[in-house]
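A.B. asks: Under our numbering, think of the first position of the sequence shown as 8, with each following residue one higher. A virtual CB, placed ideally from N, CA and C, is assigned to each residue, including glycine. Would you mind keeping the following structure in view while I ask a few things?
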Amino acid sequence: MMEQQEGLLYNGHENDEGVMLINESVRRNSSSASTDSGRGADCSTTVSHITSNTSMRRDRLVAASHFGSQRSLWCELPEVKSAGLLDVLDEDMKKLQEAFFEVITSEASYLRSLNILITHFMAAPELLGSKGTSSVISNEERKQLFSNIFAVRDCSERLLCDLESRLEANLVLTDVCDILCEHFSTNFDPYVMYCSNQVYQDRTLKRLKCENAAFMSCIQRLESDRQCQGLDMRSFLMLPMQRVTRYPLLVIAILDRIGTDTEQQRTAQAALHLANQVVISCNEGARRMERTEQLLEIERRLIYKSSDLRRIPLVSSGRYLVKQGSLMHLTEIKPKTILQPRQHAHSLYLFLFSDILMITKKKLNGTFVCKDYATRKFVDIEPVEADSPKVFPGALVNLTSKPHLFICTLMHNARGKQTELLIAYSVVLGGFQCSNPEEKIYADWDCPQATVVHAYAASQEDELSLEKGDLINILRKMPDGWFYGERVRDSKGGWFPSSYVQQVLNDHVRAKNYRQRLRVIQVCHS
Numbered sequence: 008m009m010e011q012q013e014g015l016l017y018n019g020h021e022n023d024e025g026v027m028l029i030n031e032s033v034r035r036n037s038s039s040a041s042t043d044s045g046r047g048a049d050c051s052t053t054v055s056h057i058t059s060n061t062s063m064r065r066d067r068l069v070a071a072s073h074f075g076s077q078r079s080l081w082c083e084l085p086e087v088k089s090a091g092l093l094d095v096l097d098e099d100m101k102k103l104q105e106a107f108f109e110v111i112t113s114e115a116s117y118l119r120s121l122n123i124l125i126t127h128f129m130a131a132p133e134l135l136g137s138k139g140t141s142s143v144i145s146n147e148e149r150k151q152l153f154s155n156i157f158a159v160r161d162c163s164e165r166l167l168c169d170l171e172s173r174l175e176a177n178l179v180l181t182d183v184c185d186i187l188c189e190h191f192s193t194n195f196d197p198y199v200m201y202c203s204n205q206v207y208q209d210r211t212l213k214r215l216k217c218e219n220a221a222f223m224s225c226i227q228r229l230e231s232d233r234q235c236q237g238l239d240m241r242s243f244l245m246l247p248m249q250r251v252t253r254y255p256l257l258v259i260a261i262l263d264r265i266g267t268d269t270e271q272q273r274t275a276q277a278a279l280h281l282a283n284q285v286v287i288s289c290n291e292g293a294r295r296m297e298r299t300e301q302l303l304e305i306e307r308r309l310i311y312k313s314s315d316l317r318r319i320p321l322v323s324s325g326r327y328l329v330k331q332g333s334l335m336h337l338t339e340i341k342p343k344t345i346l347q348p349r350q351h352a353h354s355l356y357l358f359l360f361s362d363i364l365m366i367t368k369k370k371l372n373g374t375f376v377c378k379d380y381a382t383r384k385f386v387d388i389e390p391v392e393a394d395s396p397k398v399f400p401g402a403l404v405n406l407t408s409k410p411h412l413f414i415c416t417l418m419h420n421a422r423g424k425q426t427e428l429l430i431a432y433s434v435v436l437g438g439f440q441c442s443n444p445e446e447k448i449y450a451d452w453d454c455p456q457a458t459v460v461h462a463y464a465a466s467q468e469d470e471l472s473l474e475k476g477d478l479i480n481i482l483r484k485m486p487d488g489w490f491y492g493e494r495v496r497d498s499k500g501g502w503f504p505s506s507y508v509q510q511v512l513n514d515h516v517r518a519k520n521y522r523q524r525l526r527v528i529q530v531c532h533s
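Set out below in structure tokens:
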């Protein structure tokens, strides 16, 4: 049906010439009406250097509400009504047009709100940093608050200009997903940067509200303006994050209204995939920045007192904090006389990172004195019972409750030695467990690696193509000879035959050897 309706507009059939002439008339009239892209005082040319060549005024994309809180519908456009399109198109086509049109109108509404953030809040004399004599915040605080909002605004402006041009070309839209694909794949890096800086933005805004009375007074005054419609400044700062999550929903609405196995569907599916990738990139950027902040805070409070303990930089690519907390370390004190050995319990504070276990002592001033550390794959955890011969007599004396016990063995610690600690309480430090005893699953921080010795071309969507020389992290091994892994160079994952790769010696293999040696020693001493 959709192809038939497109024929009404583009194929010069005799019965459809009237519609074509009406459409052409609409295009000519609107082209001569104005070259204004619709930016008013809230979106002035002093803010954006990008202009639209379309003649569809942006105030027509936003409904009668003076502040643009409502969006217009495609069927309400005067040009659509005057062209008689509502009498020509069937209901399915009208619904598809509304889905296409919502992408445009929602972008126009979003851009209008972004410009309120820029021209009303950011341009306020009190928030200009060193650029204004009456500013109540510093340049650094201004940067942390507004980040790269200009680049984000320009990104939206470019997208809206292309969408407007498509609407200007023909009132009956054939697609907008191809435009979305182009912009999602090439122009949306500013969104990733903006979302990544959210942790700084939130922290700075909260601090200024608590500590800077002049800032709080300024913000309250700005927020009380009618154009803010009762929304606070943070609501405007959150607009880019909210907009990114809105794109997949808009594309899904289009997918629900187009035919299957068509070029439109394939384009929409590609747009949905790219929209989801943008969301993932923004989330990962924000999470990565938050994790980096957490590592920096721990490193700032970390003290190394032992001269034989090498200081390690905590902030490293891919590293993040998994768990932290206090545990009780039980040690045996053997007296020089015939008296019974006695127990000594002291508190340790452990940081479990994605690749390292760090053992520290927490001080009253909030700092942590590093005692030892080991690569996570060289840490062995063995739960033990209170009556185990590995637990020295009197270990639980003076403890208020019966704790869980485990022996934490650093098979290769910071000093290159093996050391054991009897710990009261429990914490999961091990890898994944699998219900299938013939299948092996590895954590990404402790997995075997292999190099590709024969090229392999994937024949299924869930398979991984291999090029000779590629380094692969192996995450799963199946009994039928198939491995699941990720290419180190691009982190792409998939299944492949094990015969095409050869395992290499890495820390996972070394840790496995250490663990086997530890088990032999434990058996000999039992």
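With a CB to CB cut of under 6 angstroms and the five nearest residues on each side skipped, what residues in its chain are close to residue 306?
C.D. replies: 321
A.B. asks: For the structure I just gave you, are there three or more beta carbon pairs, one from the region 467 to 484 and one from the region 492 to 500, closer than 8 angstroms?
C.D. replies: Under the Cβ criterion (8 angstroms, minimum of three pairs), the region 467 to 484 counts as touching the region 492 to 500.
A.B. asks: Closest to residue 566 by C-alpha separation, out of 152, 326 and 395, would be which residue?
C.D. replies: Outside the displayed range of the chain (8 to 533) lies residue 566, so it cannot be described from this structure.
A.B. asks: For residue 44 and residue 109, what's the separation of their Cα atoms in angstroms?
C.D. replies: Low per-residue confidence applies at residue 44: pLDDT is 31, beneath 50, and the placement is therefore not dependable enough to give any value.
A.B. asks: Using DSSP bridges, identify the partner residues of residue 389.
C.D. replies: 414
A.B. asks: For the beta strand (DSSP E) that residue 427 lies in, which residues bound it at each end?
C.D. replies: 426 to 431
A.B. asks: Taking DSSP's pairing of strands, which residues face residue 453 in a bridge?
C.D. replies: Answer is 450, bridged to residue 453.
A.B. asks: So, is residue 160 buried or exposed, given that buried needs 16 or more other C-beta atoms within 10 angstroms?
C.D. replies: buried
A.B. asks: Can you name, in chain order, every residue of its own chain whose Cβ lies under 6 angstroms from the Cβ of residue 369, other than the five neighbours on each side?
C.D. replies: Cβ within range, chain order: 356 and 375.
A.B. asks: Leaving aside the five residues before and after residue 246 along the sequence, list all residues of the same chain whose C-beta is less than 8 angstroms from its C-beta, in chain order.
C.D. replies: 117, 120, 121 and 124
A.B. asks: Which ranges does the alpha helix (DSSP H) cover as unbroken runs of at least 4 residues, wholly within the region 244 to 301, from first to last along the chain?
C.D. replies: 246 to 262
A.B. asks: Counting along the chain, where does the beta strand (DSSP E) carrying residue 494 start and finish?
C.D. replies: Following the DSSP letters along the chain, one finds residue 494 inside the beta strand (DSSP E) bounded by residues 489 to 494.
A.B. asks: Is the number of C-beta pairs between the region 87 to 100 and the region 125 to 136 that are closer than 8 angstroms three or more?
C.D. replies: no
A.B. asks: If you run the structure through DSSP and keep just helix, strand and coil, what is residue 331?
C.D. replies: strand
A.B. asks: If you draw a straight line from the alpha carbon of residue 162 to that of residue 194, how long is it in whole angstroms?
C.D. replies: Within the model, the alpha-carbon separation for residue 162 versus residue 194 is close to 6 angstroms.
A.B. asks: List the whole-angstrom C-beta distance separating residue 308 from residue 373, where the pair is believed to meet the contact cut-off of C-beta under 8 angstroms.
C.D. replies: 6 angstroms
A.B. asks: Does the region 253 to 261 come close enough to the region 277 to 292 that 3 or more CB-CB pairs lie under 8 angstroms?
C.D. replies: yes
A.B. asks: With the cut-off set at 8 angstroms, would you say residue 261 and residue 171 are in Cβ contact?
C.D. replies: no
A.B. asks: Curious, which full-length alpha helix (DSSP H) runs of at least 4 residues does the region 168 to 239 contain?
C.D. replies: 184 to 193, 196 to 203, 205 to 218 and 220 to 230
A.B. asks: Give the DSSP-derived three-state secondary structure of residue 467 in the structure shown.
C.D. replies: coil
A.B. asks: Is residue 297 close to the ligand ADP? I mean its beta-carbon at under 7 angstroms from any heavy atom of the ligand.
C.D. replies: Because no ligand of any kind appears in the structure shown, any question about the ligand ADP cannot be addressed here.
A.B. asks: What first and last residue would you give for the beta strand (DSSP E) that runs through residue 478?
C.D. replies: Taken as a continuous stretch (DSSP letters only), the beta strand (DSSP E) holding residue 478 covers 478 to 484.
A.B. asks: Out of curiosity, what's the CA-to-CA distance linking residue 165 and residue 205?
C.D. replies: The straight-line gap separating the alpha-carbon atoms of residue 165 and residue 205 is approximately 23 angstroms.
A.B. asks: Candidates 127, 365 and 460: which alpha carbon is nearest residue 419's?
C.D. replies: 365
A.B. asks: Residue range of the beta strand (DSSP E) that residue 381 falls in?
C.D. replies: 375 to 382
A.B. asks: So, does the region 454 to 465 touch the region 495 to 510, judging by three or more C-beta pairs under 8 angstroms?
C.D. replies: Segments in contact, yes.
A.B. asks: Go to residue 107, then tell me how far its alpha helix (DSSP H) extends in each direction, as first and last residue.
C.D. replies: 98 to 123
A.B. asks: Just verifying my parser: in three-state terms, what is the DSSP assignment at residue 513?
C.D. replies: coil
A.B. asks: Given a threshold of 16 other Cβ atoms within 10 Å of its Cβ, counted over all protein chains shown, does residue 330 qualify as buried or as exposed?
C.D. replies: exposed
A.B. asks: Looking only at C-alpha atoms, which of 201, 485, 232 and 362 sits nearest to residue 386?
C.D. replies: 362
A.B. asks: Taking just the CA atoms, how far does residue 79 sit from residue 179?
C.D. replies: 16 angstroms
A.B. asks: Can residue 454 and residue 478 be called in contact, C-beta distance under 8 angstroms?
C.D. replies: no
A.B. asks: Which value, in whole angstroms, describes the spacing of the CA atoms of residue 198 and residue 192?
C.D. replies: 12 angstroms
A.B. asks: Using the Cβ count rule (16 or more neighbours within 10 Å means buried), how would you classify residue 461?
C.D. replies: Classification for residue 461: exposed.
A.B. asks: May I ask you to report which of helix, strand or coil DSSP gives residue 29?
C.D. replies: Note on residue 29: pLDDT 32, under 50, position unreliable in the model; the coordinate value appears next. Helix.
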